[in-house]
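Enquirer:
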């Protein structure tokens, strides 16, 4: 091996021993470069890969760069790799690691990326095969196999193509945790409730219960925030927010259902916030008597103009939207500060008449307790306040636009919850400490000397508002929604704050809905929504999603009546919170090694409590809206479960399946076997399951929902090729079983011989109590023409099964089971059909292009005609080939391969229970009759007996079957089993075994001994004579089967057992051949002579 490296491969003179060089294997260049070794101990820093040349890769750890390493530890990935250290497209590369040449690479983050990663290129490490196998210079090294599904990527939606497209674009606008999460969450949480409802809430509940209401709502959002932080830091987060977090944790069923209603809720929330803004504007117009039409229509007009403006900001790009959010936040903060400043500005007579007296201890004490009125209570007031606490997912919803979602989402979300909660509590306490509950607004309602007072705090401050107890008043915490405007230093700023709160929430929802919906459509969970997955511009903006959101928002704005839909939307958000909490709990409970969130401040039981709390709050807010939400979510869940999207995200649901299966398997090992719980657990030698479908179908018929079925394949030949072929086909064949709804497992082994492979399967298959107890094998039709070793192996596996105390079922159908030739022809036809469709598509494209050229296309008509002629010729040739292949099809073989899939008509299953094997011969057909496809078949029992005891033996058999509770149509006692068969039948048997006889009695002893040594598998005269009676019985049984069971749907027959060393392989095969020849499908069954039936309860 030669090494072709640039002479200055080590640019750093201080390079140490931990050095990696790429070595290009080039047999035309004999230059060799040795590694420089430094004597200093290594100093560890961030791994850096240079792109100065494609022929070298340098990893160095130098002193003085420790901060880079620390930064790398904190942020997870900071390297920028432009060179693949293992590139196999053109030449073979090796690495020089730790001072010697090897293909083993050092750990690097790019090996662990998903295929379509936006943050960097995925690099394929050398496969284990490439490292383990002997190195051959003339063998091209294949790229390490990477399964997208195993890496947690969806096979649907083509994320790779989209991600690559995004990666090639420049000028990404990515937000940090402040602008991307904190600002958005604060704006979304602070809504109009802060300005026009919080004073009423604290008036009803009092300061004490009011703070509890705020803290209870904060508890729900805080627990959800902790759960969101845990999930968001358990791996790279892409766009999609709540949908992405839930779907990747709980799977597409939960994610798909909640994603759709969450996106819809955000779209309708745009309308809610815009209508709230429009109502405020209309109130101002009303005060100045400048209404355009009337109140309702003015709301529609202003709402339409507003949502169009917001759409323009959103479509302009996330950067403009973020700038608008910052401006709105500044206005909102000024408005809040304006309120606090107003509380300390000395009040005037007008404000006192309206109940504002600055900070007063007496007002604080009076307003501390609750004073629920108009049928309100704690939970009804809580239901009104809770929507003000929502909006914590505003930052997570644009996760795809964040620089570092794993850091930004926890920091921004939790800090926003803390800040907004403090603001809510502070505003509530300040308002309730300055303003009384009821005030008349009349400056003349002062207390004069000698006037009695009701003892309220207003009385102590010189005002008499006692008449508010008997008649309604317009001012005070309980009556005036504009308390904050009254208290503030400058009232119009509060109006500006209301505008800011509504517009910012509307803008956040207008951005969130399309982003979530786009992520949902990219995953292709709902097949008809791929249209909305496309993004535009440098930030992959979901323009189509914006338009859809705009249409939905406009529809609800034009309705202008959102009092009914508002509770449903709140419940939609709460359902999302509940599932996020449950996702965190479920992932922790499943104990998957892949659940390693960097955010540690969470607890699985707290998350579960948060999920239950969200569900409870849903019913508190509005019970019928909660029921509607659950009904919609259940419907979507069932729909997605039924459609089964082809995605694999490594969800915690999958992890829990494994945990439950493992626990059940371990628990099963402690349960002692009992005959009442016996069920056939079959190891079926189907080979590839699609090659022998009929063998799988009949086995599946008596194992489905009842027992274990393992489809087994044995690979023989050169071990390297066998193992490679076996590994590459495992998932494909198991997927075929799943796709065809066969409840079976696929197992394969590579062995030196077929018998050795089956022997391994017989011993090692299964898990705990779920181990095979019955071997199912198809009858070897070609035993007479097959090599002797194949026959020996075939009979040998039957002996091995009996040795391992397994039952054996040999199944024979007239056409045989193997349809591999048919599958090959079908594959060829499919390729031809694909070629034809591709040709048609090309011609249509050419026609379209010609049509687009207008008049110029007329002059190209001749070439189009030529293409059409070519198409006709190609089509006719395809049709000729197709008809030729169809003529070659063995139609009967195809029909035979599907005969057990069809529902069996009225008929019989004839059971020839000649030998007691523990009951397996009778149990298998009974199980078949309880299946839908075989339920029209009656059981007929045939057994041997004596001529003079026919009736007695019938009664004995009937009694036995009735005790086993097995229904039967008829019992037949066969008395002439042991008589000799007719001459024609016996002659056929003798002719069949003639090629395999030794005829040693006709030869001298020396020749006979030599023949025995050379052909030990042949049937000797002594053996044939010793087994003559048994041979007579098999031939005679076939005559009886032809006589009694020729019209049966299925024959189940006691399998004869060949004594080891006494019956040769070919004689045994001849018995099986003559026994089952020219009959309907035959199951030759022999149990392991242990009871599988009992009549005890």
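In my numbering, the protein residues as written are 31 to 1127.
Even for Gly, the Cβ is constructed at its ideal location relative to N, Cα and C.
Remember, predicted model here, so these are calculated numbers, not experimental data.
(1) Identify, in the order they occur along the chain, each residue of the same chain with its Cβ nearer than 7 Å to the Cβ of residue 343, setting aside the five sequence neighbours on each side.
(2) What number of angstroms, rounded off, separates the C-alpha of residue 440 from the C-alpha of residue 256?
(3) Just list the residues that DSSP pairs residue 571 with in beta bridges.
(4) Is the CB-CB distance between residue 1105 and residue 1064 below 7 Å?
(5) From the DSSP output, which residues share a beta bridge with residue 1116?
(6) Can you tell me the Cα-Cα spacing of residue 428 and residue 690, whole angstroms?
(7) Which full runs of the beta strand (DSSP E) of 3+ residues lie inside the region 711 to 773, going along the chain?
(8) Check whether the Cβ atoms of residue 211 and residue 430 lie closer than 7 Å to each other.
(9) Return helix, strand or coil for residue 999, following the three-state DSSP convention.
(10) Kindly confirm or deny that the region 944 to 952 and the region 1112 to 1123 touch, where touching means at least three C-beta pairs closer than 8 Å.
(11) Within the same chain, show all residues whose beta-carbon is closer than 8 Å to that of residue 602, passing over the 5 residues directly before and after it, in chain order.
(12) Answer yes if the region 781 to 791 comes into contact with the region 744 to 761, meaning at least three C-beta pairs across the two stretches below 8 Å, and no otherwise.
(13) Once you ignore the five residues that flank residue 492 on each side, which residues in its own chain have a CB closer than 6 Å to its CB?
(14) Could you round the C-beta distance between residue 646 and residue 611 to whole angstroms and report it? I think they count as a contact, below 8 Å.
(15) For residue 1039, verify whether its CB is less than 6 Å away from any heavy atom of the ligand COA.
(16) With a 10 Å radius around its C-beta and 16 neighbouring C-beta atoms as the bar for buried, classify residue 548 as buried or exposed.
(17) Using alpha carbons as the reference points, say which of 153, 227, 1026 and 939 lies closest to residue 454.
(18) Which value, in whole angstroms, describes the spacing of the CA atoms of residue 334 and residue 576?
(19) Please state if the CB of residue 458 and the CB of residue 271 are separated by a distance shorter than 7 Å.
(20) Just how far apart, CA to CA, sit residue 1113 and residue 985?
(21) Identify which residue in 815, 687 and 827 has its Cα closest to the Cα of residue 804.
(22) How is the beta strand (DSSP E) around residue 775 delimited, first residue to last?
(23) Whose CA, out of 541, 565 and 728, lies closest to the CA of residue 961?
(24) Taking residue 1057 as part of the alpha helix (DSSP H), name the residues at either end of that continuous run.
(25) Determine, using beta carbons only, whether residue 1007 and residue 974 come nearer to each other than 7 Å.
(26) Report back the beta-carbon spacing between residue 713 and residue 802 to the nearest angstrom; my notes put them in contact at under 8 Å.
(27) At the level of alpha carbons, what is the spacing between residue 314 and residue 339?
(28) Confirm, please, whether the CB-CB distance from residue 435 to residue 555 is below 7 Å.
(29) What residue range is occupied by the uninterrupted alpha helix (DSSP H) comprising residue 1032?
(30) Would you say the region 807 to 823 touches the region 849 to 862, given that touching needs at least three Cβ pairs under 8 Å?
(31) With residue 455 as the anchor, note down where its beta strand (DSSP E) starts and where it stops.
(32) Counting C-beta neighbours from all protein chains within 10 Å, is the total for residue 268 16 or more, i.e. buried, or is it exposed?
(33) Among 650, 1123 and 276, which residue has its Cα nearest to the Cα of residue 996?
(34) Which residues in the same chain have their Cβ closer than 7 Å to the Cβ of residue 706, if we skip the five residues on either side of it in sequence?
(35) Mind checking who residue 942 pairs with in its DSSP beta bridge?
(36) With a threshold of 8 Å, are at least 3 pairs of Cβ atoms found where one atom belongs to the region 610 to 628 and the other to the region 360 to 367?
Expert: This is what the structure holds:
(1) 350, 351, 354 and 537
(2) 7 Å
(3) 566
(4) yes
(5) 838
(6) 35 Å
(7) Counting only runs of 3 or more, we get 712 to 714 and 739 to 746.
(8) no
(9) coil
(10) They touch, by the three-pair rule.
(11) Within the same chain, and ignoring the five residues on either side of residue 602 in sequence, the residues whose Cβ sits closer than 8 Å to its Cβ are 291, 292, 294, 295 and 659.
(12) Yes: at least three Cβ pairs fall under 8 Å.
(13) Within the same chain, residue 492 has close Cβ partners 476 and 477.
(14) That pair is no contact at about 12 Å.
(15) No copy of the ligand COA appears in this structure; indeed no ligand is present at all.
(16) Looking at its Cβ environment, which holds 16 or more other Cβ atoms inside 10 Å, residue 548 is buried.
(17) 227
(18) 15 Å
(19) no
(20) 26 Å
(21) 827
(22) 775 to 781
(23) 728
(24) Unbroken run through residue 1057: none, as it is neither H nor E.
(25) yes
(26) 4 Å
(27) So the two alpha carbons sit approximately 20 Å from each other.
(28) Taking 7 Å as the Cβ cut-off, residue 555 and residue 435 do not qualify as a contacting pair.
(29) Here residue 1032 belongs to no alpha helix (DSSP H), and DSSP marks it neither H nor E.
(30) no
(31) Taken as a continuous stretch (DSSP letters only), residue 455 belongs to no beta strand (DSSP E), being part of the alpha helix (DSSP H) at 435 to 464.
(32) Here residue 268 is buried, its C-beta having at least 16 other C-beta atoms within 10 Å.
(33) Of 650, 1123 and 276, the residue nearest in Cα terms is 1123.
(34) 1124
(35) 972 and 1083
(36) no
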